[in-house]
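Read top to bottom, the protein sequences are chains A and B. Per the working numbering, the very first residue in the first sequence carries number 1006; after that it's consecutive. Per the working numbering, the very first residue in the second sequence carries number 1006; after that it's consecutive. Everything below concerns the one structure shown next.
Protein chains: 2
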Amino acid sequence: MARPSVQHLRRAALIEAAITEIGSTGSLDVTVSQVAKRANVSSALAHHYFGSKEQLFLAAMREILTRYRRDVIARLARAVGPLARLNAIIDASFDEQQYAREVVAAWLAFYVKAQTSDGAARLLRVYMARLHSNLLASLKRLVDPAEANRIAEEVAALIDGVYIRQALGPGRADRMRSKAMVEHSLASLLASAGRKDEVRHVAS
Amino acid sequence: MARPSVQHLRRAALIEAAITEIGSTGSLDVTVSQVAKRANVSSALAHHYFGSKEQLFLAAMREILTRYRRDVIARLARAVGPLARLNAIIDASFDEQQYAREVVAAWLAFYVKAQTSDGAARLLRVYMARLHSNLLASLKRLVDPAEANRIAEEVAALIDGVYIRQALGPGRADRMRSKAMVEHSLASLLASAGRKDEVRHVAS
DNA sequence: GGGTTTTAATTGACTGGTCAATCAACTCAT
DNA sequence: ATGAGTTGATTGACCAGTCAATTAAAACCC
């Protein structure tokens, strides 16, 4: 029946609670008890399943990263052509779920956590590498490799920057506006790098 | 003789120590005792002069913001023409002092702090507003107001993004590379927005 | 200038509170 | 009755903030 084990249920609930709690607090200064309470279990149980606060938080971080990754993959599967694929990546970053205030705040908190936790730093580095390589793959079909690399870094940095500013701003997440900013920048960068189309057309 | 009062000396030393400690730890999880020890005073003295940990940290944040602002102003005073002024602003952000690993880490920590502290949020909002208005002033001389506004936001976000990635990266701060990225993006954005020069030339 | 009072600087010791982590005990389904 | 699930109570560490007491410096007075 594949009925999820109680262990699985509890772990999932605790991870979800951790994300929510971290997101709504806006920092990692969250006690295990708070998270446990939100998941309707005792703090002892959280320790029982995760061993330590650190592990619980890392699991939460992994979960956010996984969700994002799944979303990217799903969108990429539906996108055809380099431009569409680039847009798919950007869309994933500004997806309704990902770009929710809580999630963004949690994301920011994890960036700080990475300063002191090797585990967190590793996870973020994997995310960064994947984002870069995804962007690069499509960009290479549009512009020179050197340009592609630079643009990939610029777009990645821009996405992070938009996120951080989002976390700070008071209002609701203005997804569309944020997305438009990144798309607009990307278009400009591509335009001034000079499309590769003609070249390839001639060469082929 | 304007000999600085002992109070001034201690405050300055404590603020400096706080910045260093926060920067090297990479988070605000720093005890008052640690800061005090680095400043060669007792923790009781830190409380005596600042009243609370919160106030001490806010003072440290204010100091970093002030230094940045002073640098921007100094560079702007030397720059003539909108392009030079834009470059001056970018240069300030990637100045040797500002872009030091510790300072960037402290900056990131403050962003998180702003999530829970009104005081910190206020300070950051002032910084953001100033950066935006500085960029906008010069951009308006180059492109349409609407474009100028969008570009200002994009550049500001990009700067923040480059910072956050810098904080995460392991190596030394690669100032020049970071600066080049922002400058390159700005050039592309300006190029595709279409300079205003001709229009103004004709109009005048 | 020497002596005296005020004021500032400084600290060690203490307090109250918080919290991660542990553990022994209890429940309950199988 | 075995073992997974679960918890309340406890422990040990840490830490912001306070206070009374000590020393150093200034200000004042003759």
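No residue lacks a Cβ here, since even glycine has one placed at the ideal position from N, Cα and C. Predicted model, so just to flag it, every value in this text is computed and none were measured.
With distances taken from CA atoms, which of the options is nearest residue i?
| i | options | result |
| --- | --- | --- |
| residue 986(B) | 1062(B), 1059(B), 1100(B), 1060(B) | Only positions 1006 to 1209 of chain B appear in this structure, which leaves residue 986(B) out of reach. |
| residue 1069(A) | 1131(A), 1151(A), 1159(A) | 1131(A) |
| residue 1187(B) | 1200(A), 1156(A), 1185(A) | 1156(A) |
| residue 1197(A) | 1153(A), 1183(A), 1163(A), 1177(A) | 1153(A) |
| residue 1064(B) | 1177(B), 1027(B), 1087(B) | 1027(B) |
| residue 1057(A) | 1037(A), 1031(A), 1025(A) | 1037(A) |
| residue 1194(B) | 1175(B), 1088(B), 1067(B) | 1088(B) |
| residue 1081(B) | 1136(B), 1108(B), 1067(B), 1122(B) | 1136(B) |
| residue 1067(B) | 1127(B), 1151(B), 1092(B), 1013(B) | 1127(B) |
| residue 1086(B) | 1145(B), 1108(B), 1177(B) | 1145(B) |
| residue 1115(B) | 1024(B), 1012(B), 1177(B) | 1024(B) |
| residue 997(A) | 1053(B), 1039(B), 1017(B), 1123(B) | In this structure chain A extends from 1006 to 1209, so residue 997(A) is not present and cannot be described. |
| residue 1181(B) | 1149(B), 1092(B), 1158(B), 1053(B) | 1092(B) |
| residue 1013(A) | 1053(A), 1149(A), 1158(A) | 1053(A) |
| residue 1177(A) | 1192(A), 1158(A), 1150(A), 1108(A) | 1108(A) |
Below 9 Å between beta carbons: does that hold for residue i and residue j?
| i | j | result |
| --- | --- | --- |
| residue 1166(A) | residue 1104(B) | no |
| residue 1119(A) | residue 1125(A) | yes |
| residue 1019(A) | residue 1049(A) | no |
| residue 1022(A) | residue 1110(A) | no |
| residue 1035(B) | residue 1113(A) | no |
| residue 1076(A) | residue 1060(A) | no |
| residue 1147(B) | residue 1106(B) | no |
| residue 1138(B) | residue 1090(B) | no |
| residue 1190(A) | residue 1190(B) | yes |
| residue 1160(A) | residue 1140(A) | yes |
| residue 1163(A) | residue 1084(B) | no |
| residue 1033(B) | residue 1055(B) | no |
| residue 1095(B) | residue 1184(B) | yes |
| residue 1217(A) | residue 1015(A) | For chain A, the structure presents residues 1006 to 1209; residue 1217(A) sits outside this window and is missing. |
| residue 1121(B) | residue 1030(A) | yes |
Could you list which residues in chain B have their beta carbon closer than 9 Å to that of residue i, in chain order?
| i | result |
| --- | --- |
| residue 1169(A) | 1113, 1116, 1162, 1165, 1166, 1168, 1169 |
| residue 1030(A) | 1120, 1121 |
| residue 1129(A) | 1173 |
| residue 1126(A) | 1173, 1175 |
What in chain B is Cβ-close to residue i, meaning under 8 Å?
| i | result |
| --- | --- |
| residue 1197(A) | 1192, 1193, 1196, 1197 |
| residue 1172(A) | 1116, 1120 |
| residue 1155(A) | 1186, 1189 |
| residue 1110(A) | 1120 |
Which bits of chain A does residue i rub up against, with CB to CB less than 7 Å?
| i | result |
| --- | --- |
| residue 1158(B) | 1186 |
| residue 1134(B) | Neighbours of residue 1134(B) on chain A: none; closest Cβ ~12 Å, over 7 Å. |
What does residue i reach in chain B if we use C-beta pairs closer than 7 Å?
| i | result |
| --- | --- |
| residue 1023(A) | None at all; the shortest Cβ gap to chain B is about 16 Å. |
Subject >> Completely contained alpha helix (DSSP H) runs for the segment 1086-1132 of chain B, where each covers 4 or more residues >> reply: Given a length threshold of 4 residues, each whole run of the alpha helix (DSSP H) inside the segment 1086-1132 of chain B is given here in chain order: 1087-1098, 1106-1118.
**OP:** Entirely within the segment 1018-1052 of chain A and at least 4 residues each: give me those alpha helix (DSSP H) ranges in chain order.
**Re:** Counting whole runs of 4 or more residues, the segment 1018-1052 of chain A contains the alpha helix (DSSP H) stretches 1037-1043.
Original post:
Can you give, in chain order, each stretch of the alpha helix (DSSP H) that sits fully within the segment 1138-1181 of chain B and has at least 4 residues?
Top reply: Counting whole runs of 4 or more residues, the segment 1138-1181 of chain B contains the alpha helix (DSSP H) stretches 1150-1173.
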